[in-house]
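**Q** Here it is, the structure in full.
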Amino acid sequence: MTIKGGYCQKILEMDLSKNNKHVINVSDNFAVKYVGGRGWGARIIWENLEHIKDPLSPSNIVVIAPGPLSGLYLPASGKTSFSSISPATGLYADSNMGGMFAVEIKQAGYDAIIIRGRAEKLSYLFIDDDCVEVRNAKKYKGLGCVETERQLKEDLGDETLRIATIGPAGENLVKFSCINSEWSRNAGRTGMGAIFGSKNLKAIVIRGTKDLPVFDLTRLVKLGEHAYKTLKSHRLFEFWQRQGLMTVVDYANAAGIMPTHNFKDTCFDDADKINGEVMETFYKIGDTACYACPMACGNVNLVKEGKYAGTVTEGPEYETACMFGSNVGINDFAAILKANYLCDEYGVDTISTGNLIAAVIEAYEKGIITLDELDGMALHWGDSDSIMELIRKIGEREGIGNVIAEGSYGLIKKWPAMKQLISQVKGLEQSSYDVRSAITMALAYGTSDIGGHHARAWTIAKELEVGADWTLDEKAAIVIYQQTVRPLFDMLGVCRLPWVELGFNESAYAEFYSAATGIETSLEELLKRSEAVYNITRAINIKLGATIEDDFPSWRCFNEPIKTGPLVGKKLDREEYTKILKLYYNKRGWDENGVPMLKTLDRLELTDIKI
Ligand code: SF4
5 MTIKGGYCQK ILEMDLSKNN KHVINVSDNF AVKYVGGRGW GARIIWENLE
55 HIKDPLSPSN IVVIAPGPLS GLYLPASGKT SFSSISPATG LYADSNMGGM
105 FAVEIKQAGY DAIIIRGRAE KLSYLFIDDD CVEVRNAKKY KGLGCVETER
155 QLKEDLGDET LRIATIGPAG ENLVKFSCIN SEWSRNAGRT GMGAIFGSKN
205 LKAIVIRGTK DLPVFDLTRL VKLGEHAYKT LKSHRLFEFW QRQGLMTVVD
255 YANAAGIMPT HNFKDTCFDD ADKINGEVME TFYKIGDTAC YACPMACGNV
305 NLVKEGKYAG TVTEGPEYET ACMFGSNVGI NDFAAILKAN YLCDEYGVDT
355 ISTGNLIAAV IEAYEKGIIT LDELDGMALH WGDSDSIMEL IRKIGEREGI
405 GNVIAEGSYG LIKKWPAMKQ LISQVKGLEQ SSYDVRSAIT MALAYGTSDI
455 GGHHARAWTI AKELEVGADW TLDEKAAIVI YQQTVRPLFD MLGVCRLPWV
505 ELGFNESAYA EFYSAATGIE TSLEELLKRS EAVYNITRAI NIKLGATIED
555 DFPSWRCFNE PIKTGPLVGK KLDREEYTKI LKLYYNKRGW DENGVPMLKT
605 LDRLELTDIK I
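Following this line, the structure appears as structure tokens:
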């Protein structure tokens with residue numbers, strides 16, 4: 005097995021404490037076995053795990069890795085994974101960013117960048133192909149993400165530089181701060197921004213000029229052309245381009261799964277004021293796309309009048325529209341755009357921020373948090389001015405914002421009664437689907453290796469549509485399949501949305517990989533690699549102290565039935581959930597406590613993983 009393309013086979017390792025750059029040559033075996041992206045990230049984290057003392061200490065590392073397909077002539081091939089140990093959950097973390105950053109890393113000649121240590125002063129890392137420098141970032145201290153990127157490009161005199169940066173929230177170690185690029189492309193989840201902040205790393209600036217290695221260019225171009233043609237001829241292609249993920253608002257609300265008023269309700273009376281149609285009709289002024297993506301799901305929106313007039317933002321997508329719409333009771337789309345803009349500038353994750361603000365509103369409503377503790381802000385649903393102020397306070401770590409900045413676990417520590425109010429798994433605030441009606445989605449969140457996020461598996465629509473007669477065994481199997489195929493896209497360095505939204509055949513990716521690398525493979529083989537990575541991230545979490553309790557969704561799912569809408573009366577049964585969880589463990593080859601068994605690690609060629 006010899007790699008003939010797709011990989012640069014080089015990792016740039018930067019130790020900020022020592023200001024020391026080192027280039028690691030990557031063996032064929034390592035590259036292929038862990039594929040790339042999150043696969044490489046997980047393996048490298050595992051190898052460094054015993055040295056990592058605290059997520060926000062210099063001992064933590066961040067692995068920034070595109071994949072072997074990133075930057076090639078293939079649809080939506082511009083994704084980068086950021087892997088680390090999360091300050092929010094204390095467990096394995098990764099988050100994925102689109103845009104152009106992945107391509108530039110590859111063109112600079114690297115498959116991945118590892119960041120270690122902590123710079124003495126606020127710095128940015130400048131990578132110009134083989135030239136790598138740590139530079140003073142004092143000038144950019146406190147600047148928002150978008151503004152930092154703009155100023156860096158201006159100062160360096162090159163508009164084509166690719167930049168990933170943090171905002172004030174990352175500098176202030178907000179536990180759900182993110183890394184932002186190109187306005188609104190974020191490694192949003194799990195607190196990657198705080199990890200950059202803890203390393204005094206304001207930004208990474210890259211210029212890459214090298215050609216990408218491809219084994220069989222003729223075959224790859226043919227495959228790419230066919231893929232573009234297939235996507236563009238899909239009956240939903242044009243609708244998707246117009247609305248992107250905003251199409252989900254109407255679906256989720258009609259289905260009765262759209263979190264509303266802090267996940268208490270599942271339908272929002274004013275959903276038709278915050279949906280894709282409203283966006284298209286009154287706000288949308290353009291599209292944006294990640295590298296080589298014909299789907300162009302980024303919506304550029306402008307508020308033309310009212311108190312938020314002049315706000316321009318790329319976004320929202322469904323998650324943001326829900327978390328800053330129905331979940332906090334806002335029915336003004338302009339206010340959602342403003343919240344989206346503020347989150348991007350401060351550099352905080354819109355899902356966690358909206359989720360936690362909603363929990364704080366409910367806690368105030370229930371008398372758990374006092375007016376004094378809220379700095380005198382009498383919060384109520386839909387109060388957009390107070391919600392904007394809370395985003396600012398979180399980003400600046402001011403007053404109540406300083407407590408919210410600690411994330412779910414921080415809020416629960418201060419007000420233990422909030423445990424019943426916050427929708428989170430493993431300390432990661434749950435994204436925008438209510439799971440009380442769909443046990444597969446509850447299991448998907450529960451067993452997600454990074455916590456309450458739908459990136460690993462999104463089974464809810466299928467279960468509601470055709471899952472009434474599925475056995476628990478079938479339900480567990482569906483979650484596992486999704487948790488195997490979805491992360492594969494992150495390993496390959498491509499976006500999963502062509503497959504998710506337009507049904508693009510996942511088998512095509514094995515052909516892409518074969519043409520790019522010269523290593524003939526199959527979807528089955530790639531899925532086996534993805535399964536192996538899921539076992540590595542599981543091993544990391546077990547080593548870090550995760551237990552079976554961390555695989556359960558939050559309190560409300562089991563204890564408060566849905567009050568209104570088409571799924572009224574539904575809630576999860578704890579006994580049934582425990583049963584499906586055990587079935588899931590068994591199917592994965594994990595023991596009854598969820599620990600991967602030796603025979604499983606053996607089958608996946610992971611015998612060196614000792615748990
Ligand atoms: S579908 Fe959207 S997120 Fe995915 S690559 Fe295309 S523009 Fe980026």
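Numbered continuously in the numbering used here, the sequence shown closes out at residue 615.
Note that CB positions come from ideal geometry on N, CA and C, so glycine has one too.
1. Exposed or buried, residue 1, counting other C-beta atoms within 10 Å across all chains shown (16 or more means buried)?
2. Which of the three DSSP states, helix, strand or coil, is assigned to residue 152?
3. Quick one: what's residue 468 bridged to in DSSP?
4. Just grab the DSSP bridge partners of residue 135 for me.
5. Quick check on the contact list: which residues have their beta carbon closer than 5 Å to a heavy atom of the ligand SF4?
6. Should residue 447 and residue 492 be called a contact, given that it needs their Cβ atoms to be closer than 7 Å?
7. In terms of residue numbering, what span does the alpha helix (DSSP H) encompassing residue 191 cover?
8. Contact defined as beta carbons within less than 8 Å: I believe residue 331 pairs with residue 265. What is the distance between those atoms, to the nearest angstrom?
9. Exposed or buried, what is residue 351 when buried is set at 16 or more other beta-carbons lying within 10 Å of its beta-carbon?
10. Looking at residue 8 and residue 497, is the spacing between their C-beta atoms short of 7 Å?
11. Would the stretch 271-278 count as touching the stretch 480-494 if we require 3 or more Cβ pairs under 8 Å?
12. Cα-Cα, which of 400, 376 and 388 is closest to residue 337?
13. What is the DSSP secondary structure of residue 532, counted as helix, strand or coil?
14. Rank 236, 362 and 414 by C-alpha distance to the C-alpha of residue 394 and give the top, closest one.
15. Which of the three DSSP states, helix, strand or coil, is assigned to residue 623?
16. Excluding sequence positions up to five away, which residues of its chain have a Cβ less than 6 Å from the Cβ of residue 251?
17. Taking DSSP as the reference, what is the three-state secondary structure of residue 497?
18. By DSSP, does residue 269 sit in helix, in strand, or in coil?
19. Shortest alpha-carbon distance to residue 309 belongs to which of 57, 291, 339 and 328?
20. Give the straight-line distance between the Cα atoms of residue 528 and residue 55, rounded to the nearest whole angstrom.
21. When the Cα atoms are used, what is the spatial distance from residue 588 to residue 96?
22. So if DSSP puts residue 25 in a beta bridge, which residue, or which two residues, is it bridged to?
23. Closest by CA to residue 10, which one among 286, 519, 209 and 509?
24. In chain order, what residues of the same chain have a beta carbon less than 6 Å from the beta carbon of residue 282, not counting five sequence neighbours either side?
25. Please check the pair residue 19 and residue 121, which I expect to be a contact at CB under 8 Å, by giving their CB distance rounded to whole angstroms.
26. Check each candidate in 575, 74 and 60 and name the one with the smallest Cα separation from residue 499.
27. Using alpha carbons as the reference points, say which of 324, 206, 418 and 66 lies closest to residue 129.
28. Please name the residue, chosen from 473, 397, 516 and 510, that lies closest to residue 226 on a Cα-to-Cα basis.
29. What are the partner residues of residue 288, as DSSP defines its beta bridges?
30. Quick check: the stretch 75-92 against the stretch 22-33, are there 3 or more CB pairs under 8 Å?
31. In or out: residue 243 buried (at least 16 other Cβ within 10 Å) or exposed?
32. So what does DSSP say about residue 86, is it helix, strand or coil?
33. Please confirm whether residue 185 and residue 197 have their CB atoms less than 7 Å apart.
34. Within this structure, are the beta carbons of residue 195 and residue 90 separated by less than 7 Å?
35. Give the straight-line distance between the Cα atoms of residue 115 and residue 209, rounded to the nearest whole angstrom.
36. Is the CB-CB distance between residue 597 and residue 552 below 7 Å?
**A** Walking through what the data contain:
1. Because the chain spans 5 through 615 in this model, residue 1 falls outside it and cannot be assessed.
2. helix
3. Its beta-bridge partners do not exist; DSSP assigns none.
4. 132
5. Taken from the N-terminal end onward, the list reads 80, 102, 293, 294, 297, 299, 301, 499 and 501.
6. no
7. No alpha helix (DSSP H) contains residue 191, which is instead part of the beta strand (DSSP E) from 189-191.
8. Between residue 331 and residue 265, the beta carbon gap of about 7 Å places them in contact (Cβ cut-off 8 Å).
9. buried
10. no
11. no
12. 388
13. helix
14. 362
15. Since the first and last residues shown for the chain are 5 and 615, residue 623 lies out of range.
16. 280
17. coil
18. strand
19. 339
20. 34 Å
21. Taking the Cα positions, residue 588 is about 20 Å away from residue 96.
22. 18
23. Answer by Cα proximity: 519.
24. 337
25. 5 Å
26. 74
27. Selected option, being the one with the closest Cα: 206.
28. 516
29. 305
30. Three or more beta-carbon pairs separated by less than 8 Å are not found between the stretch 75-92 and the stretch 22-33, which leaves the two stretches without contact.
31. exposed
32. Looking at residue 86 - three-state DSSP - the assignment turns out to be strand.
33. no
34. yes
35. C-alpha separation (whole angstroms): 16 Å.
36. yes
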